[in-house]
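Worksheet for the structure shown next.
Protein chains: 2
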Amino acid sequence: MPELTAELQNVADLITRFIEHDFFPAGICPSVLSEAVVAYPSRGGKRIRPALLLWTCAMFGGKIREAVPAAAAVEIYHNWTLVHDDIIDRDEIRRGAPAQHIMLRDYAKKNFPGISQANQEAFGTSFAILTGDIQQGWAIHALCSMLDLGVAPDLVLRLVRAMQSDLNRALISGEALDVEFEYRNPADVSEEDVLRMIDGKTGALVNFSVQTGAAIAHGRYEPHSDLYATLHDFSRDFARAFQLQDDLLGIYGEPKKFGKPIGSDFQEAKPTLLYLEAMKRLDEDGRARLNSMLRLPFYGEAEINTLRSLLSDCGAADAVRAKNDELVRSAVSILRTCPDNEWRDLLVEFSTKIMSRTV
Amino acid sequence: MPELTAELQNVADLITRFIEHDFFPAGICPSVLSEAVVAYPSRGGKRIRPALLLWTCAMFGGKIREAVPAAAAVEIYHNWTLVHDDIIDRDEIRRGAPAQHIMLRDYAKKNFPGISQANQEAFGTSFAILTGDIQQGWAIHALCSMLDLGVAPDLVLRLVRAMQSDLNRALISGEALDVEFEYRNPADVSEEDVLRMIDGKTGALVNFSVQTGAAIAHGRYEPHSDLYATLHDFSRDFARAFQLQDDLLGIYGEPKKFGKPIGSDFQEAKPTLLYLEAMKRLDEDGRARLNSMLRLPFYGEAEINTLRSLLSDCGAADAVRAKNDELVRSAVSILRTCPDNEWRDLLVEFSTKIMSRTV
């Protein structure tokens, strides 16, 4: 039976090999742009989407070898959205290293002596925009390279259309909603809006990954089939559970293990489902207290403890935990309707671990 | 025989109709993003690339009707690069109306009362990045919709690969070189670097347009054929001639007719071919005088007259005019090797007019 850690390492190796050997980045100039295009995809990360794609393909009897370019494509696709997200969110760190626009800003600092700090930053942002733009092309290029492994042109074309039409619109719409939230009063955002944002920003690419895995296994893309509706439901539950867990870890997680500073969702006044749940449960005074915890300049032990009490005492944290449990159970029960084999068991183990992660 | 003005209007109408009727933008949320995605493509412009694509298709005996989605695709592709370019170049005007990020900034100003000016600008930039990202997807979606008109899947797939692999890399590399020039001393940029930038930023999409026109007419994509090499040479000459004319108009043009302020290339310290030609011809004193005209805060009549004298007296302006003439002749003579019909004559008339334009 496939063992999770070893199989994940195998996925990571396949993706890294694809990225390092693909000829696409070599045709890019100047060389700083060519290197930037490879930077995030090479940096690792959990490779969640490629794993879901490859193992879904295997579960439905497909060949992992044929699906590797598609797995690389979803990883590259994910990475271009991160490059642009990091510019938009002004994030300076990604996977423990400088964000793309920061790396490029530092390149300008070193290579164009005497330019102002504002111009260094403008160079970093401009080149990072172009990096993401070119990576979007690379994702399609990678998907198309399945042709060279004998996958039928008609199937490849249908997947290209799904990626550049359905996935592109859904994912970027989700990202846009997330950006828009920042400019709205978080208390005015509805739970429905937030779910729509999650379904787009996270769910759409998970859905594309598992449906593509199935399509390669079956040799055809069947967007209107019952199976694809089932895979879509799995993806929605997976993405929502992941996000609820992220909300919880953002308040109750261990600062050293969690990637972001504890309290950062409140600092950025994000309308998380955890926040909205508490707003539903608190009285007027409690809501005012919770809202006074938004956009503070600093979240130290005292502030975090206040937030934890506010969110726990009204039952919001437990409600969100229960909702996460329910989504995990639902996602797993959907997987259990799929062919009973060792790849399915691996997907169950992996999905559960990701949806219930503690870091 | 097709008449240029009427045929150009016909192209404009076909593209506008495609853009207004395509279902792609409707699936985007929030609505401000959906509207932004359509804004530049609907705004008009010269529709140079669709005209080249459709008439090349017709010249080689193809059906214009089948090629309309591809013509819309190159126009949408061009527009997403403009949306991102305008952010990068901090341009505030596009085709006589506010640039995309400015329109979106103004949307934020109106719809999120009380937010700071910095946040209005951040919203404008963020949403304009996402607008271009989604338009890149729309271009591929449009290209794929040729399938629905009966174009063979294998051909569509080859064109998708050409667009997202060769065109994407070449065009964005050209844009990146152009951005990088701003950070370099213009006197250190070589003519070869500038030609490479033009070939990528402008030539690549012209090349994709005419090759795609030929491919649809012939029912196959033949990147290694003599014909495609010929079309590539035409595109290179066309793009370079266009740019040389742009350099000249940027100094000698009429302020009211030319889209940009006269002198703006010098204000931005762009290493144009006109500037580099003058640097080759001037003595040390002249070079110092020319360089002292870079990055001035204001280009009034006196400054423009000084620039005109400096560039004319050394023979640089005439040399650039001669080079433009040579490229126009070369591009036209290449077209004359194509099938002798009324569409070829239209292409000759149109190309000559664009390459030698006075506004």
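For the record, the sequence lines run as chains A and B. In terms of our numbering, the first sequence opens at residue 192 and continues consecutively. In terms of our numbering, the second sequence opens at residue 192 and continues consecutively. C-beta: ideal position from N, C-alpha, C; glycine also.
Does the CB of residue i have a neighbour CB from chain B at under 8 Å?
{"i": "Asp456 (chain A)", "result": "no"}
{"i": "Val370 (chain A)", "result": "yes"}
{"i": "Leu221 (chain A)", "result": "The sequence shown places Pro at residue 221 (chain A), rather than the Leu named in the question. Closer than 8 Å to some Cβ of chain B, the Cβ of Pro221 (chain A) qualifies, so yes."}
{"i": "Ala395 (chain A)", "result": "no"}
{"i": "Ser317 (chain A)", "result": "yes"}
{"i": "Gln327 (chain A)", "result": "yes"}
{"i": "Tyr466 (chain A)", "result": "no"}
{"i": "Asp379 (chain A)", "result": "no"}
{"i": "Asp324 (chain A)", "result": "yes"}
{"i": "Asn172 (chain A)", "result": "Residue 172 (chain A) lies beyond the range of chain A shown here (192 to 550); nothing can be said about it."}
Under 7 Å Cβ-Cβ, which residues of chain A neighbour residue i?
{"i": "Leu321 (chain B)", "result": "Ile363, Glu366, Ala367"}
On the criterion of 16 or more Cβ atoms from any shown chain inside 10 Å, does residue i qualify as buried, or is it exposed?
{"i": "Ile239 (chain B)", "result": "buried"}
{"i": "Asn270 (chain A)", "result": "buried"}
{"i": "Gly491 (chain A)", "result": "exposed"}
{"i": "Ser381 (chain A)", "result": "exposed"}
{"i": "Glu371 (chain A)", "result": "buried"}
{"i": "Glu413 (chain B)", "result": "exposed"}
{"i": "Met484 (chain B)", "result": "buried"}
{"i": "Phe214 (chain B)", "result": "exposed"}
{"i": "Asn376 (chain B)", "result": "exposed"}
{"i": "Glu198 (chain A)", "result": "buried"}
{"i": "Ser364 (chain A)", "result": "buried"}
{"i": "Pro452 (chain B)", "result": "exposed"}
{"i": "Met546 (chain A)", "result": "buried"}
{"i": "Ser500 (chain B)", "result": "exposed"}
{"i": "Ile525 (chain A)", "result": "buried"}
{"i": "Thr549 (chain A)", "result": "exposed"}
{"i": "Arg535 (chain A)", "result": "buried"}
{"i": "Glu533 (chain B)", "result": "exposed"}
{"i": "Glu392 (chain B)", "result": "Sequence inspection shows Lys at residue 392 (chain B); the Glu mentioned does not correspond to that position. Lys392 (chain B) comes out buried."}
{"i": "Ser400 (chain A)", "result": "buried"}
{"i": "Gly143 (chain A)", "result": "Residue numbering for chain A in the displayed model covers 192 to 550; residue 143 (chain A) lies beyond these limits and cannot be assessed."}
Check the Cβ-Cβ distances between residue i and every residue of chain A, and say whether any is below 8 Å.
{"i": "Lys525 (chain B)", "result": "Lys is not the amino acid found at residue 525 (chain B); the sequence shown has Ile there. No, Ile525 (chain B) lies away from the interface with chain A (no Cβ there is under 8 Å from its Cβ)."}
{"i": "Phe399 (chain B)", "result": "no"}
{"i": "Tyr412 (chain B)", "result": "no"}
{"i": "Tyr419 (chain B)", "result": "no"}
{"i": "Asp390 (chain B)", "result": "no"}
{"i": "Ile306 (chain B)", "result": "yes"}
Cβ closer than 9 Å: which chain A residues qualify as neighbours of residue i?
{"i": "Ile331 (chain B)", "result": "Ile331, Val351, Arg352, Met354, Gln355, Ser356, Asn359"}
{"i": "Phe541 (chain B)", "result": "Correct list: empty, because the minimum Cβ distance to chain A is about 29 Å."}
Mind pulling the chain A residues with CB within less than 8 Å of residue i?
{"i": "Asp282 (chain B)", "result": "Per Cβ cutoff of 8 Å: no residues; Asp282 (chain B) is ~13 Å from chain A at best."}
{"i": "Cys335 (chain B)", "result": "Leu348, Val351, Arg352, Gln355, Ser356"}
Name the chain B residues that come within less than 9 Å of residue i, Cβ to Cβ?
{"i": "Phe251 (chain A)", "result": "What Phe251 (chain A) touches in chain B: nothing, since even the nearest Cβ is about 23 Å away."}
Find the residues of chain C that neighbour residue i, judging by a C-beta separation of less than 7 Å, and give them in chain order.
{"i": "Asn515 (chain A)", "result": "In the displayed structure, chain C is absent; the protein chains listed are A and B."}
Given the structure, does residue i come close to the ligand COA, in the sense that its CB is under 7 Å from one of the ligand's heavy atoms?
{"i": "Gln434 (chain B)", "result": "In the structure on display, the ligand COA does not appear, and there are no ligands present to speak of."}
Against chain B: residues of the region 339-367 of chain A by CB proximity under 7 Å: Pro344, Asp345, Val347, Leu348, Val351, Arg352, Gln355, Ser356, Asn359, Arg360, Ile363, Ser364, Glu366, Ala367
Are the region 382-392 of chain A and the region 319-331 of chain A touching, with three or more C-beta to C-beta distances below 8 Å? no
Is there contact between the region 298-312 of chain A and the region 334-352 of chain A, where contact requires at least three CB pairs shorter than 8 Å? no
In the region 267-278 of chain A, which residues sit with their C-beta less than 9 Å from some C-beta in chain B, listed in chain order? Trp271, Thr272, His275, Ile278
If you measure beta-carbon to beta-carbon, which residues of the region 287-302 of chain B are closer than 7 Å to chain A? Ala299
Residues in the region 477-507 of chain B having any Cβ partner in chain A nearer than 7 Å: none
Is the region 280-297 of chain B touching the region 244-256 of chain B, taking contact as three or more C-beta pairs under 8 Å? no
Taking any Cβ of chain A, which residues in the region 197-230 of chain B have a Cβ under 7 Å from it, in chain order? Phe215, Gly218, Ile219, Cys220, Pro221, Leu224
In the region 425-453 of chain B, which residues sit with their C-beta less than 7 Å from some C-beta in chain A, listed in chain order? none
State whether the region 414-421 of chain A contacts the region 358-377 of chain A, with contact taken as three or more CB pairs (one from each stretch) at a distance under 8 Å. no
Sufficient close CB pairs (3 or more, under 8 Å) joining the region 502-517 of chain B to the region 461-470 of chain B: yes
Sufficient close CB pairs (3 or more, under 8 Å) joining the region 256-266 of chain A to the region 199-219 of chain A: yes
Per the contact definition of three or more C-beta pairs closer than 8 Å, is the region 226-242 of chain A in contact with the region 335-342 of chain A? no
Is the region 275-282 of chain A touching the region 308-325 of chain A in the sense that three or more CB pairs, one from each, lie closer than 8 Å? yes
Whether or not the region 349-360 of chain B and the region 394-410 of chain A are in contact is what I'm after, with contact meaning three or more pairs of Cβ atoms, one per stretch, closer than 8 Å; do they touch? no
Are at least three pairs of beta-carbons, each pair with one atom in the region 528-544 of chain A and one in the region 229-237 of chain B, less than 8 Å apart? no
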